[in-house]
Amino acid sequence: MSIDSERYERNFDTLTRAQQARLASFRVAVLGLGGLGGGVSEMLARIGIGHLTLIDGDVFDASNLNRQLLCTEDLVGTSKAGAAEKRIQAVNSTVQVTAVHQYADSDTLYDMIKDCDLVVDCLDSIHTRFMLQAVAKKVQIPLVAGAIAGVTGQVTVIFPDDKGYELIYGKKEHLPARGIESRTGNISYCALMVAALQASECVKVLLDRGDILRNKLLIMELWSNSFEVMDLI
Amino acid sequence: MAKIQITLKLFATLVPYLPENADHFQIEQGTTVQEIIRSLQLPPDAVKLIFVNGRKQESTHELEPGDRLGLFPPVGGG
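Each protein sequence line maps, in turn, to chains A and B.
In this text, residue positions in the first sequence follow the numbering used here: the first is 10, and each later residue adds one.
In this text, residue positions in the second sequence follow the numbering used here: the first is 3, and each later residue adds one.
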């Protein structure tokens, strides 16, 4: 039996064969390839999303080794987007990858994601998150957002006409660039848990299945094992 | 003024400000979230999200007996 005929055997019957086939037809963009984006990209590739656009202008540094799955010692100083492309091709060569080693701004991001069905926010700047939401609205695609600080994380889903980040962070005019993560750092297992929750929301949105975190915020805190879904409106 | 009890939950960097009796936190009827934030001496701008009984509320919200109040700081890392 070939790899490709066996590849998705363990996805069934959690997914139907028809849903598995549908996943291969979708194009998903991941913006930010650090602690969240590395995990999200790999999980989306493993479940069989057809095309991944992987965007990050950064290179690895040694402080990424504590949590970023794509970061290995030999890759310090090299492109995160390049590492993501190699990793995804090694995991699932049936996934088409567009790797973009470039920081996105409001002018360039539209072209990067305009053909996508969904975009995943794995960024580390609150200001850039608002920019991404505006571009996702322009492209008219949903956005799956995750954010972390220490062992605290949050996940939400924003559709094009939703208020989205304003409900979470307030008006963008009164924002700090970063949240409490500038004090707490980010811990590996928290990053990967939030990445897993984001991957799950991606699949649910794409397949229109399950309870989606639209206008809701899942908050988790791992010292106290707190997991709560809050209503934002 | 009558005293009521609420459950208070603080997340992440706010945890050090949690009072000992957070599960049975006693306040006066009609106390607002903002007044609780002030009484706990939380740093300015430390609270980004306020949830009462699992629903987002404003700082002017008045608490009722048995309410579950959650205060959450801004989280933006990736």
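We put the CB at the ideal spot given by N, CA and C, even for glycine.
Everything numeric in this text was worked out from a predicted model, so none of it was measured.
In terms of beta-carbon proximity, B/Leu51 lines the interface with chain A, with at least one pair separated by less than 8 Å. A distance below 8 Å between beta-carbons, with the five flanking residues on each side excluded, links A/Val37 to the following residues of its chain, in chain order: Leu53, Ile58, His60, Leu61, Thr62, Cys125, Asp126, Leu127, Val128, Val129, Cys211, Leu215. By the Cβ criterion, the region 36-51 of chain A is in contact with the region 193-204 of chain A, since at least three pairs of Cβ atoms, one from each stretch, lie closer than 8 Å. With its beta carbon less than 8 Å from one in chain A, B/Val77 belongs to the interface. Interface residue (Cβ-Cβ distance to chain B less than 8 Å): A/Glu175 is not classified as such. When C-alpha distances from A/Glu182 are compared across A/Gly155, A/Thr137, A/Ala156, A/Phe168, the shortest belongs to A/Thr137. For A/Asp70, no CB of chain B lies under 8 Å from its own CB, so it is not counted at the interface with that chain. B/Ala14 is not a Cβ neighbour of A/Ile135, given a cutoff of 8 Å. Residues of the region 20-50 of chain A with a C-beta less than 8 Å from any C-beta of chain B: Gly41, Gly43, Gly44, Leu45, Gly46, listed in chain order. With contacts defined by Cβ atoms closer than 8 Å, A/Ile157 and B/Gly80 form a contacting pair. When CB distances to chain A are screened at a threshold of 7 Å, the residues of the region 55-73 of chain B falling below it are Gly56, Arg57, Lys58, in chain order.
Residues of the region 191-219 of chain A whose Cβ lies closer than 7 Å to any Cβ of chain B, in chain order: Arg192, Thr193, Asn195.
Close to chain A, meaning a Cβ-Cβ distance shorter than 8 Å, are the following residues of the region 4-18 of chain B: Lys11, Phe13, Ala14, Thr15, Val17.
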